[in-house]
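Visitor: Structure incoming, see below.
2 protein chains.
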Amino acid sequence: MANKIFVDACLGKETPYTPVWMMRQAGRYLPEYMKVRAEAGNFLNLCHDPKKACEVTLQPMDIVGVDAAILFSDILVIPDEMGMDLSFVKGEGPKFSDPITCEADIDRLIGGDEAASKLTYVFDTIKLIKQELAEDKALIGFTGAPWTLATYMIEGQGTKTYNICKKMMYSNPALLHKILAKVTEVIKLYMEKQIDAGIDVVQIFDSWAAAIEPSMYDEFSWKYMVEICDHLKAKYPNTPIIMFPKGIPTFLDKVYGNFDVFGVDWATPMELAKEKLGEKYVLQGNMEPCRLYSQEETTKSVDDIQKVMGTSRHIFNLGHGILPDVPVANAIHFVSECQRISKK
Amino acid sequence: MANKIFVDACLGKETPYTPVWMMRQAGRYLPEYMKVRAEAGNFLNLCHDPKKACEVTLQPMDIVGVDAAILFSDILVIPDEMGMDLSFVKGEGPKFSDPITCEADIDRLIGGDEAASKLTYVFDTIKLIKQELAEDKALIGFTGAPWTLATYMIEGQGTKTYNICKKMMYSNPALLHKILAKVTEVIKLYMEKQIDAGIDVVQIFDSWAAAIEPSMYDEFSWKYMVEICDHLKAKYPNTPIIMFPKGIPTFLDKVYGNFDVFGVDWATPMELAKEKLGEKYVLQGNMEPCRLYSQEETTKSVDDIQKVMGTSRHIFNLGHGILPDVPVANAIHFVSECQRISKK
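Read top to bottom, the protein sequences are chains A and B.
Numbering follows the working numbering, in which position 119 of the first sequence is assigned residue number 1245; successive positions increment by one, without gaps.
Numbering follows the working numbering, in which position 297 of the second sequence is assigned residue number 1423; successive positions increment by one, without gaps.
Structure below.
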């Protein structure tokens, strides 16, 4: 079996160069993706169709040349299968028609294995991808963090202010904890099943980490993410876990837990992340995605990151998802520059 | 003339207690504000009507008991008077019909004193407020930072990704600098005229500071803000200046400039701000605005902040604007707790 350079890098092993992938690499900047998405009719159909989801997952491997594929799916398939009615309204993003407001709403949600088992289209997608993915490339599976999922389940949609969930946080924290605990149980089983289906690496996205004030973050988000890590590591000690809490640069020294890689967002200087976390965890990141608008600025940034990180205990990535209007040639340039500049 | 405790606190002088105000204190959580706004027809009419703008500016003084008033206006009146056509679309926020895309667009903008002189309704509002404001209360005038204003002028509206301005930043930085320089000149004169009309303190809001990656922040935002400070301090050395760049916690040690108060957002721990900046600047902030949903959580937070800051070189505030659905009683509770807990 061929060595997967990406998995080796996650585990802190020496690799011939620093591997690279991009958040949202299977996405709208690729005309090939837009074509499949148009065929699917809408975004959710695409998530539900293993053949098409497999196809878009694999597109950036050949086109852009990244070292790992990331499962094409959406973080909100979990609450959807827990019985909340997910839809994507054009131009407005995801919507749940019946947001959670009380204990009875939580009790009505489908939990545990019953919910996780409904996500068969995800596991089928993983199996298809693994049949086609080159042996030396890795497949990343993922989940949203309980807090990030809860924000949508409580607000009913994306939010700028998070005022409904934060009202709950400060005036009825027990209710929020009850939601988080129920979601956490589903995530544990969902990620087990993703691993069983064939993913090589787990990434947990806490996209809305920055919505919680620093002194409350552990209580309402991080400890649940760590609980998921502990659960998975007990059963699958060799499957690397990447944690990506976006926007917690002021308390990196409080980060703890049994995982392998810490994803650094673009607003957190790599020097700071290395100083606070570089000994404990492999670091992933963190080029500002808008640098991709200029090939010159991309090279400059890759070079700067490389100077900070050296040639080990690092995975190149963007510090947030690639934007739809980035020229494909510039994405290719980023990936090849990462591989060239870090070559030993 | 009575001493203004708020001005004293800005200058680092001893005060009988730590003064307090709230960002967006003249706002939608107050039924009295909603009434005047309804009479005005829309938000922009309210900004243009000195009598009504004066009325809403003064409302929180009596109702909530804050130690300073902040001029009711909008940061976007500047680009509006520079010749861009500002409108507020219900539910969507501010819009400019012709965003800036090239040098000719910038050349067409009205600049310098000609633009600043058109903001007479703001100066008239200030004069009215000063006639009615108690002598021991201060009036804060304000402006958006050049970068924050430029984001709207380039994107044509609010944005989640800032991709149009950041494309300009990375692929045509000279064009962005040309916009920033032109806006900076208008702001200097606008703030001079606000001071001449009677404001006691200046606050510069860089609401979208966090949109710029740390290594680029000085070049595209902070240095222009400092240029404004230098200009104002040369003419008005006794007028305190508050800088509020939201979301730059990772490089507080690089903050410099001739101003008096640094506004701390809620995501930046007060301990960190005190350690990095507390000797050089008075600090303002930084309760998480959603704590206002619970009186108990409010008291806890005020107490925590007070323990870090002690009884000098501090001004109480929220770490961001008060939200529309906060009960007025809770805002009153916040203000009185700040004044009670910090009393000497």
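Ideal placement from N, C-alpha and C gives every residue a C-beta, glycine not left out.
Is His1440(B) helix, strand or coil by DSSP?
Guide: strand
Visitor: Mind pulling the chain A residues with CB within less than 7 Å of Asp1451(B)?
Guide: Residues of chain A passing the Cβ test: Asn1289.
Visitor: Using 8 Å as the limit for Cβ to Cβ distance, is Pro1220(B) near chain A?
Guide: no
Visitor: Taking the straight line between their C-alpha atoms, what separation do you get for Tyr1382(B) and Cys1355(B)?
Guide: 11 Å
Visitor: Cβ atoms of Asn1364(A) and Asp1391(A): under 8 Å apart, would you say?
Guide: no
Visitor: Thinking Val1190(A) and Asn1443(A) are a contact (beta carbons under 8 Å), I'd like their distance in whole angstroms, please.
Guide: 13 Å between Cβ atoms; not a contact.
Visitor: Taking only beta carbons into account, state which residues of the segment 1388-1419 of chain B come closer than 8 Å to chain A, listed in chain order.
Guide: Hits within the stretch, in order: Trp1392, Ala1393, Thr1394, Pro1395, Leu1398, Glu1414, Cys1416, Arg1417, Tyr1419.
Visitor: Quick check: the segment 1195-1209 of chain A against the segment 1251-1271 of chain A, are at least 3 beta-carbon pairs closer than 8 Å?
Guide: yes
Visitor: Using a cut-off of 7 Å between C-beta atoms, extract the partners of Thr1183(B) located in chain A.
Guide: Going along chain A, no residue has its Cβ under 7 Å from Thr1183(B), so there is no contact; the nearest lies around 24 Å.
Visitor: Considering just the uninterrupted stretch of the alpha helix (DSSP H) at Thr1274(B), what are its terminal residues?
Guide: 1272-1281
Visitor: Which residues, in chain order, does the segment 1129-1161 of chain A contribute to contact with chain B at a C-beta distance below 9 Å?
Guide: none
Visitor: Mind checking the segment 1357-1387 of chain A against chain B and listing, in chain order, the residues whose C-beta falls within less than 8 Å of any C-beta there?
Guide: Gly1373, Pro1375, Thr1376, Phe1377
Visitor: Counting only beta-carbon separations shorter than 8 Å, does Tyr1316(A) have a partner in chain B?
Guide: Judged by the 8 Å Cβ criterion, Tyr1316(A) is not in contact with chain B.
Visitor: Considering only the beta carbon of each residue, do Gly1267(B) and Met1208(B) sit closer than 8 Å?
Guide: no
Visitor: For Tyr1296(A), return the contacting residues in chain B, with the cut-off set at a CB-CB distance below 8 Å.
Guide: Cys1416, Arg1417, Tyr1419, Ser1420, Glu1423, listed in chain order.
Visitor: Who are the Cβ neighbours of Leu1301(B) in its own chain at under 7 Å, not counting the five residues just before and after it?
Guide: Taking Leu1301(B) as the centre and dropping the five residues before and after it, the same chain places the C-beta of Glu1229, Met1294 closer than 7 Å to its C-beta, in chain order.
Visitor: For Glu1339(A), which residues in chain B fall below 7 Å Cβ to Cβ?
Guide: Trp1392, Ala1393, Glu1414
Visitor: With three or more beta-carbon pairs closer than 8 Å as the criterion, would you say the segment 1209-1221 of chain A touches the segment 1151-1166 of chain A?
Guide: no
Visitor: Going by DSSP in three states, Lys1221(B) sits in which element: helix, strand or coil?
Guide: Strand.
Visitor: Relative to the alpha-carbon of Ile1374(A), which residue among Ile1330(B), Leu1202(B), Leu1409(B), Ala1336(B) has its alpha-carbon at the smallest distance?
Guide: Ala1336(B)
Visitor: Let me confirm a value: Ile1433(B) is counted as buried when at least 16 other C-beta atoms fall within 10 Å, else exposed. Which label applies?
Guide: The sequence shown places Lys at residue 1433(B), rather than the Ile named in the question. Answer is exposed; the Cβ neighbour count stays below 16.
Visitor: How would you write the range of the beta strand (DSSP E) that Ile1196(B) sits in, first residue to last?
Guide: 1194-1196
Visitor: Can you pull out the residues from the segment 1260-1293 of chain B whose beta carbon lies closer than 7 Å to at least one beta carbon of chain A?
Guide: Thr1287, Asn1289, Lys1292, Lys1293
Visitor: Within 8 Å of any Cβ in chain A, is that where the Cβ of Ala1194(B) sits?
Guide: Answer no: the Cβ-Cβ gap between Ala1194(B) and chain A never drops below 8 Å.
Visitor: Report yes if the CB atom of Ser1438(B) is closer than 8 Å to the CB atom of Glu1140(B), and no otherwise.
Guide: Going by C-beta atoms, Ser1438(B) is nearer than 8 Å to Glu1140(B).
Visitor: Using DSSP bridges, identify the partner residues of Ile1266(B).
Guide: Ile1266(B) pairs with Ile1196(B), Val1327(B).
Visitor: Give a yes or no on whether 8 Å exceeds the smallest Cβ distance from Ala1457(A) to chain B.
Guide: Answer no: the Cβ-Cβ gap between Ala1457(A) and chain B never drops below 8 Å.
Visitor: Take Ala1135(A) and list the residues in its own chain whose beta-carbon comes closer than 6 Å to its own, dropping the five residues that flank it on each side.
Guide: Closer than 6 Å at Cβ, skipping near neighbours: Thr1141, Pro1145, Ile1441.
Visitor: Put Val1182(B) into one of helix, strand or coil per three-state DSSP.
Guide: In the structure shown, Val1182(B) sits in a helix (DSSP, three-state: H, G or I).
Visitor: Who are the near neighbours of Arg1154(B) in its chain, counting only those whose CB is closer than 6 Å to its CB and skipping five residues on each side?
Guide: Pro1450
Visitor: Should Arg1417(A) be labelled buried (16 or more other beta-carbon atoms within 10 Å of its own) or exposed?
Guide: Arg1417(A) should be labelled buried.
Visitor: Would you list, in sequence order, the uninterrupted beta strand (DSSP E) runs of no fewer than 3 residues that lie entirely inside the segment 1356-1393 of chain B?
Guide: 1367-1371, 1387-1389
Visitor: I believe Asp1386(A) touches Val1408(A) by the beta-carbon criterion, under 8 Å. Please report the beta-carbon distance rounded to the nearest angstrom.
Guide: 6 Å
Visitor: Could you check which residue in Gln1421(B), Thr1425(B), His1446(B) has the C-alpha nearest to that of Thr1394(B)?
Guide: His1446(B)
Visitor: Could you spell out the range, first to last residue, of the beta strand (DSSP E) harbouring Leu1409(B)?
Guide: 1408-1410
Visitor: Taking Ala1179(A) as the query, report the chain B residues whose CB atoms sit under 8 Å from its CB, ordered along the chain.
Guide: Chain B residues near Ala1179(A): none, gap ~25 Å exceeds 8 Å.
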